[in-house]
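Input: a single structure, listed below in structure tokens.
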Amino acid sequence: MHGVSKRYGDTLANDAVDLTLHRGEVHAVLGENGAGKTTLMSTLFGLVAPDAGRIEIDGTEARIGSPQDALELGVGMVHQHFMLVPDLTVAENVVLGTERPFNLSLRRPAVERSVREAGERFGIAIDPAARTGALPVEIQQRVEILKLLYRGAEILILDEPTAVLGPAQIDSLLEVLASLRDEGRAIAIVTHKLPEVMAIADRVTVLKSGRRVLSGERGSFDAASLARAMTGAELPELPPRAARADVADTVRLRTKGLVVAGRGGRAVGGADIEVREGEVLGVAGVEGNGQRELFGALTGELAADEGSIEIDGRPVTGLSPRALHEAGLAYVPADRQGAGLVLDMSVADNLALAAVPAGRFDTRGLLRRKAIRAEAERLIESFRIVPDDPDLPVASLSGGNQQKVVLARELARRPAVLIAASPTQGLDVGAAADVHRRLLDVRERGTAVLLISYDLDELRQLSDRILVLHRGAVVYETDAERVDIDELGMAMAGHQPVA
Amino acid sequence: MSGGVFTTLFALGVALAAPLLWAALGELIIEQSGVLNIGIEGVMLIGAFGCAYAYVRSGSMVAGIATAMGCGAACGLVLALLYVRLGADQIVTGILFSVIALAGTTVLADRLLGTDVAEKTGQLDIPGLSEIPFFGTVLFSQDPLVYAAIVAVPLVSYLMSGTWFGLYVRAIGARPRAGETAGIGVRALRTWALVIGCVLTAIGGASLVVATSGGFSPNLTAGRGFIALAVVVLARWKPLWAAAAALLFGVAQALQFVADELGFLAHVPSDVLLMLPYLLTVVAVVFAAGSRYPAACGVPYRPGSA
Amino acid sequence: GDDNKDSSGDAASTDDTSTAAADETPKKIGLLTTGTQNDKNWGEAFTIGAKAAADASGAKLTVVDNLNEPPQYAQQGASLGQEGYDMVLMALGTIQEVQLKLAKQFPDTLWCGYGIAPDNAPENTCFVDALQEQAAFLGGVAAGLATKTNVIGAVNGFEFPQLTRQPEAYALGARCVNPDVTFVQKYINSWTDAALGKAAAKGLISQKADVLLAPLTTATNGLIAAARESDGVWVMPEYFDSNDTAKEVILTSVLFDLQTLAEDVYTKGLNGDLKPGEMLPYTLAELPDGGVAPFYEDEAVLGADGVAKVDEIKQKIIDGDIKVPSTDEIGTVGTGSKIDPASIGC
Amino acid sequence: MTQPDAPGLALLHDRRLSVLAALLASLAVIAAIVLALSADPFTVFSTIVDSSLGSKFTFGQTVMIGAILVLTGLAAAIPFSAHLWNVGGEGQLYFGAFAAFAATQVVGGLPGWLLPFVVLAAGMAAGALWGLIPGVLKTVADANEVITSLMMSFVAILVAGVAINDIWPEGFGGQTESIPANAALPYVWQAADIDIGIVVALVAAVVAWVLIARTRVGFEIRAAGLNPRAARAGGIDVRRLPMVTFALGGACAGAAGAIAVVGVNDSLIQNFSQNYGFLGIAVAIVARLNPLAIVPSAALFAILSVGSNGLEVQAGLSPAMGQILGAVFVIMLLAFQVVRLRYPEAGTS
Ligand SMILES: Nc1ncnc2c1ncn2[C@@H]1O[C@H](COP(=O)(O)OP(=O)(O)OP(=O)(O)O)[C@@H](O)[C@H]1O
Ligand SMILES: Nc1ncnc2c1ncn2[C@@H]1O[C@H](COP(=O)(O)OP(=O)(O)OP(=O)(O)O)[C@@H](O)[C@H]1O
Ligand SMILES: [Mg+2]
Ligand SMILES: [Mg+2]
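Protein chains in written order, with my numbering: chain A, 493 to 991; chain B, 61 to 366; chain C, 122 to 467; chain D, 317 to 665.
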């Protein structure tokens with residue numbers, strides 16, 4: 493790729509970027525949030541039309557106007573959000589787009605056979621007749637990869653493929669990638685995780701504000717130099733976590749035998765969880781092991797089928813979100829744009845989103861708009877939300893600042909219990925550190941924090957205790973100080989750790 | 061028409077169901093591709109007008125039906141331009157398309173057609189089969205387009221579940237991005253779905269004309285397109301179920317015409333009987349509430365945007 | 122509309138300029154009607170009459186058709202009133218409120234409507250009504266003579282007295298000449314839904330009805346289709362001689378001679394021969410073509426005796442020997458099957 | 317949403333260019349249609365203006381139809397703001413008209429200063445009730461509101477038919493007997509036949525604006541319309557909103573029905589509505605769901621509706637052209653994204 497540029501309004505997402513992928517190499521693309529990684533990769537895959545620049549494949553100039561063109565040229569992409577149709581079978585997803593639509597004869601047995609054979613050939617065995625939406629996330633990712641290989645892709649692009657995986661899954665994914673590389677394919681991988689880069693990348697490119705700021709072969713970089721290139725600064729240090737000894741032993745959040753139904757069975761099967769005052773309890777696990785349902789049940793979005801939930805000793809099972817707020821609950825959903833924010837409303841309105849329905853900002857039904865604005869200005873200042881204009885639509889804020897809006901709103905209630913799901917996913921290092929600081933801060937003030945995350949480093953940094961969810965059950969629990977990373981990884985993969 | 065009152069009831073029910081079924085078959089293809097075509101009423105009406113014009117002027121029923129199909133394809137392209145290319149809001153555009161079709165066909169019929177009707181009627185008894193008691197009258201003593209509708213059900217069913225086209229259409233109706241990244245031209249395929257679906261919908265309009273002496277009158281479809289929308293929901297986007305649901309409405313509508321002979325209905329006011337199909341639709345939609353529209357149905361799609 | 126010139130008066134300055142319009146300028150008359158000018162039905166009948174009157178008097182005629190709802194009449198009427206029309210006839214039975222309102226708003230225009238005059242009608246109004254029950258009665262006579270099954274039927278639009286009088290009089294007429302006749306009918310709440318018309322007709326045919334009255338507009342096509350698909354079933358459309366539409370199944374048509382009615386009321390209005398708020402009920406005596414249309418090739422169905430019988434009864438109605446009950450008596454469902462034919466002179 | 321005063325807009329891309337493009341495109345399409353029917357576009361335009369505003373009578377009609385369209389526009393806009401599709405304004409209008417007329421018959425003895433308001437209230441209550449049916453079904457059974465509200469429209473028209481044909485028929489048919497004189501709405505300008513219906517409509521628009529933009533429930537409606545998940549997580553009782561918005565919208569349409577009975581027609585008439593309920597949807601869309609902008613938007617459609625009556629006489633075109641022109645115009649606004657409704661991203665869950 494030569495001199496690729498793309499402008500969105502005022503942001504220059506890619507600024508004359510050069511990128512070379514070699515056969516038999518893994519090329520890592522790094523950068524902060526919004527650095528332009530996804531844009532660059534999407535350009536290669538024909539999803540984004542560049543304003544300038546050209547792409548050559550095997551020495552000849554390639555015109556890639558659509559994903560169809562890219563696939564025909566042997567370029568395939570696994571997206572950060574999987575591009576699978578949940579209601580179709582694995583085989584159907586794999587063969588999607590391989591035939592012309594008006595080739596009328598779709599012969600299911602033949603299709604399933606060829607998908608099975610392809611899976612065996614590439615070492616990715618998946619039941620072709622399974623319904624895709626019912627599969628665990630790491631298997632869905634395999635389906636995505638198989639989809640590309642089935643079509644003979646020689647250049648594979650993976651956008652943040654490890655964000656939702658546990659260490660065991662990450663290792664096995666890296667193995668698959670390594671073997672594909674060794675077969676002579678070119679692989680581009682976008683990631684925020686430096687250890688992976690060090691483990692697999694033959695070559696790196698670092699983007700910053702759309703510009704290429706570093707590129708080099710294995711050996712010419714280390715984790716520290718990459719971090720410096722990405723952020724332009726040293727990795728920020730977290731403040732030291734205060735020991736937990738000085739806090740009382742009161743349980744603020746307790747679940748007993750909590751059961752939540754999910755697609756085809758119990759997503760959470762009888763969880764007993766306790767979070768004490770001034771404690772961060774980390775919930776580890778591979779995506780799809782009941783985290784979403786646990787979060788949903790605790791926050792009132794989903795109904796619990798069995799069991800009970802208590803906050804400060806009061807039963808709150810089955811209460812509406814508003815009643816839960818009143819009972820002292822606050823939460824930061826993983827999908828902040830989908831469940832946390834109303835993107836088309838202003839920052840001020842989003843900051844008031846919970847207080848207005850609670851009746852805190854109206855007199856006899858009429859909104860007190862001055863009060864809403866004053867409160868917004870106060871929160872913007874105290875959480876250092878940028879830009880500091882309460883009237884801007886929240887959609888125009890960066891991801892990190894959007895997350896701050898959610899946090900500010902939730903913490904403004906001075907909650908007894910805070911439940912945070914993947915609060916830093918997709919945030920760059922600086923923004924993530926800011927969020928971490930906030931979480932530790934409320935812990936200091938006695939809030940019980942339940943932190944659900946796929947990022948083990950984050951869990952270990954913040955948690956006082958960590959438990960592991962596997963297939964909806966708590967299979968492992970330990971004090972953070974004594975955590976053994978191998979045991980944790982085994983537990984996440986479903987192996988009972990030896991006691 | 062021979063046989064008992066139930067024979068009459070079902071024979072009338074089948075005849076009244078056929079236009080609904082055509083429209084529902086067309087609509088379910090369109091909706092599965094991710095487009096909600098509320099303009100269905102207008103497409104039916106335009107199809108009916110096209111059919112009546114060609115049928116009356118040429119005297120050939122085949123020419124009438126062919127013209128209706130052409131009109132349907134044209135409607136499909138126009139709607140594709142609006143819904144798919146330009147991304148106009150589908151609910152509002154659809155309603156307004158129906159408004160335009162109603163006013164437009166009224167004006168055109170006045171100018172071009174008057175009250176002329178064709179020479180013949182469409183009924184075609186199938187030799188032998190039409191003699192069977194009950195089923196003979198109910199199923200085999202109908203118009204050609206009723207038979208064709210019965211044939212169309214398995215064909216559409218096959219199209220949607222046994223072909224690549226159907227697979228792709230279902231994929232882009234659920235997750236257009238997934239289709240696009242797999243190399244399917246989402247907008248092109250939705251255009252095709254609209255064209256094919258509107259052709260079937262227009263045949264539904266034509267079937268009203270063919271069944272009733274080939275003439276046209278303003279608002280000939282009388283809201284049947286909107287009922288077909290409900291048929292599709294009730295049928296959960298399955299062609300076979302669409303046939304059953306359409307029949308349910310057809311029979312509900314026919315009930316008023318045999319009410320006198322059904323003792324228990326004889327004293328129900330006729331207005332209540334007229335309300336029956338609509339109320340039944342509401343009840344049906346409530347019971348079909350678990351039936352979800354295809355995930356992307358009604359959402360305009362822009363390639364490359366998240 | 123045929124004429125689309127002449128906007129002499131600036132519409133914005135409405136008020137009293139119209140008095141200046143002297144006799145030299147041709148008078149302007151308007152017809153607002155449901156149906157269309159070429160619908161072989163109600164609308165066309167009125168249009169023909171209005172044209173005849175306009176031609177005879179040299180008045181300029183504007184026809185606006187396809188008006189089905191009262192607000193359309195109100196708006197369209199105001200549009201003509203504003204243009205200073207001399208006389209407007211509104212040919213729909215259900216818009217008297219609109220007529221009275223327009224009469225108040227445009228006192229210089231004569232507003233005539235189809236219907237019964239209310240108490241204290243304004244001076245610049247007139248009211249016309251064809252006694253449709255008489256012609257429908259005569260249609261019933263023909264049906265009573267033609268039926269082989271002794272069951273006759275009707276598929277009707279909406280149920281209200283001015284409409285209901287027609288099928289009921291039809292039933293009574295049939296019983297007048299054939300005491301064995303029974304009458305079946307359906308209301309379909311539409312003038313135009315041909316598919317419902319067909320289904321209703323088939324329902325009646327399954328009850329053995331073989332002569333079907335069609336007090337409808339285009340929904341009549343559905344009855345024609347049903348008749349074509351059944352043996353020996355006749356349809357009897359209304360308002361216009363429709364035999365050409367489907368010779369083989371149309372026995373005859375029930376005619377109210379609305380052409381003559383329209384011509385007459387326009388002529389009287391233009392000549393100033395109307396009393397303020399006059400009510401003009403037109404009977405068969407005043408409407409030469411009222412009754413039933415010729416039977417053409419289907420005369421044999423009734424036979425020469427039958428045709429003569431129809432003519433005889435028409436004469437009796439005109440002479441008053443047979444008194445067809447008025448709307449008050451026959452305007453509700455079921456009356457036509459109850460009244461004793463002997464009591465009215467059969 | 318940079319403008320906190322622009323409430324309920326689930327949409328927002330107003331680039332001047334697209335407005336201009338939509339205007340030019342709709343003018344071009346309309347001119348092409350008019351020319352194809354061999355009429356002169358300029359005559360058509362001047363006729364529409366002249367025939368709707370040119371005399372006090374037609375002006376009066378334009379105002380009263382505008383009043384009805386303001387109310388049916390609100391009937392669409394309020395639920396639309398919560399992303400709920402009330403396409404049953406037509407039925408709520410009819411049921412309101414039915415109840416208003418029934419009220420004149422049942423409590424006709426009330427004094428003249430009170431009766432019209434009781435009648436209006438009856439119409440609003442009935443419209444709200446009719447709107448509540450799809451609203452409640454949405455809430456309790458998650459029944460598709462587009463279809464249920466549409467079907468209930470057909471039923472309401474038949475209910476009005478029962479009143480007209482069976483309960484209170486007037487001799488000549490097609491309408492009920494006249495309302496008692498003391499039930500008629502007081503005039504604002506008698507000569508033009510403008511009554512306080514227009515005042516009711518304007519007040520309703522202002523109240524609706526305050527409701528949507530300045531009240532707690534309005535905040536909840538807007539938030540839920542833009543993102544129901546986030547709204548629910550924020551503590552908003554989103555399951556209540558279908559009932560609330562459909563009842564409010566239905567009340568507006570019901571008021572329009574009452575005004576049609578005791579203001580415009582003085583009786584309940586079969587098919588009195590020229591698709592006012594459906595036109596209300598277009599009115600609301602052109603106004604981008606802003607209750608205040610609904611007033612000029614309704615005026616535009618009223619001018620088109622009344623003004624097109626002159627087309628037959630002046631330009632030899634069917635009055636039905638008015639509807640076509642209006643619909644083409646709105647479709648162009650949608651096609652050029654001048655007005656855009658926002659949808660949640662599909663298939664992410
Ligand atoms: N469709 C779009 N419209 C407008 N702006 C966009 C669009 N897509 C990306 N951008 C902007 O372009 C810039 C680069 O975005 P991109 O998604 O490529 O970043 P990234 O490096 O992948 O970030 P992340 O680590 O968060 O995934 C960002 O500022 C983003 O807001
Ligand atoms: N609205 C329309 N009117 C007429 N023809 C159309 C319309 N939309 C698409 N077509 C036709 O359909 C075919 C493919 O259309 P399109 O340009 O959408 O393909 P595509 O670019 O592969 O699709 P996509 O934009 O989804 O990638 C072309 O022959 C085009 O002429
Ligand atoms: Mg990215
Ligand atoms: Mg004949």
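From the three backbone atoms N, C-alpha and C, an ideal C-beta is built for every residue, glycine too.
| field | Per-residue burial, residue 609/A [other beta carbons within 10 Å of its own, 16 or more giving buried] | value | exposed
| request: Would you mind reading off the limits of the alpha helix (DSSP H) that contains residue 545/A? | output: Here residue 545/A belongs to no alpha helix (DSSP H); instead the beta strand (DSSP E) covers 544–549.
| task | Determine whether the Cβ of residue 251/B lies closer than 8 Å to any Cβ atom of chain A. | result | no
| task | Examine the Cβ distances between the segment 434–452 of chain D and the segment 556–576 of chain D and report whether three or more of them are shorter than 8 Å. | result | yes
| field | Same chain, Cβ closer than 8 Å to residue 370/D, neighbours up to 5 away in sequence not counted | value | none
| field | Contact list for residue 560/A against chain B, beta-carbon separation under 9 Å | value | 240, 242, 243, 244, 245
| task | Give the straight-line distance between the Cα atoms of residue 287/B and residue 338/B, rounded to the nearest whole angstrom. | result | 8 Å
| task | Quick one: list the residues of chain C neighbouring residue 318/B, beta-carbon separation under 8 Å, in chain order. | result | 324, 327
| Assigned exposure category for residue 718/A - 16 Cβ within 10 Å defines buried | buried
| said: Tell me the DSSP secondary structure of residue 748/A in three-state form. | reply: strand
| query | Under 8 Å between C-beta atoms, does residue 104/B make it to chain D? | reply | no
| request: Tell me, please, whether the segment 967–981 of chain A touches the segment 680–696 of chain A by the rule of three or more beta-carbon pairs shorter than 8 Å. | output: no
| query | What number of angstroms, rounded off, separates the C-alpha of residue 356/B from the C-alpha of residue 599/A? | reply | 26 Å
| Coarse secondary structure for residue 272/C, derived from DSSP in three states | strand
| said: Counting only beta-carbon separations shorter than 8 Å, does residue 791/A have a partner in chain D? | reply: yes
| message | If I measure Cβ to Cβ from residue 660/A and keep anything under 6 Å in the same chain, skipping five residues before and after, which residues do I get? | response | 981, 985
| field | Which listed residue (173/C, 384/C, 393/C, 417/C) has its alpha carbon closest to that of residue 403/C | value | 384/C
| request: Could you tell me which residues DSSP pairs with residue 297/B in its beta bridges? | output: Answer by DSSP bridge pairing: none, since residue 297/B is not bridged.
| query | If we count the other Cβ atoms within 10 Å of its Cβ and call it buried at 16 or more, is residue 503/A buried or exposed? | reply | exposed
| field | CA-to-CA distance, residue 434/D to residue 335/B, given in whole angstroms | value | 29 Å
| query | Which chain C residues sit within Cβ distance under 8 Å of residue 177/B? | reply | 342, 345, 366, 367
| query | So the alpha helix (DSSP H) residue 680/A belongs to, where does it begin and stop? | reply | It is not in any alpha helix (DSSP H) - residue 680/A instead sits in the beta strand (DSSP E) that spans 678–682.
| request: Consider the Cβ of residue 130/C: report whether some Cβ of chain D lies at a distance smaller than 8 Å. | output: With a pLDDT of only 36 at residue 130/C, under the threshold of 50, the placement of this residue in the model should not be trusted, and no figure is reported.
| field | Distance, residue 592/A Cα to residue 619/A Cα | value | 25 Å
| According to DSSP, what are the bridge partners of residue 974/A? | DSSP lists no partner for residue 974/A.
| task | Would you kindly check if the distance between the Cβ of residue 147/B and the Cβ of residue 590/D is under 8 Å? | result | no
| query | Cβ of residue 598/D within 8 Å of Cβ of residue 610/D? | reply | no
| task | Go through its chain and collect everything with a Cβ distance to residue 213/B's Cβ below 8 Å, but skip five positions before and after it. | result | 81, 85, 299, 300, 302, 303
| query | Does the separation of the CB atoms of residue 153/B and residue 143/B fall below 8 Å? | reply | yes
| task | Compare the C-beta of residue 653/D with all C-beta atoms of chain C and state if any pair is closer than 8 Å. | result | no
| said: Within the continuous alpha helix (DSSP H) that includes residue 115/B, where are the two ends? | reply: 100–118
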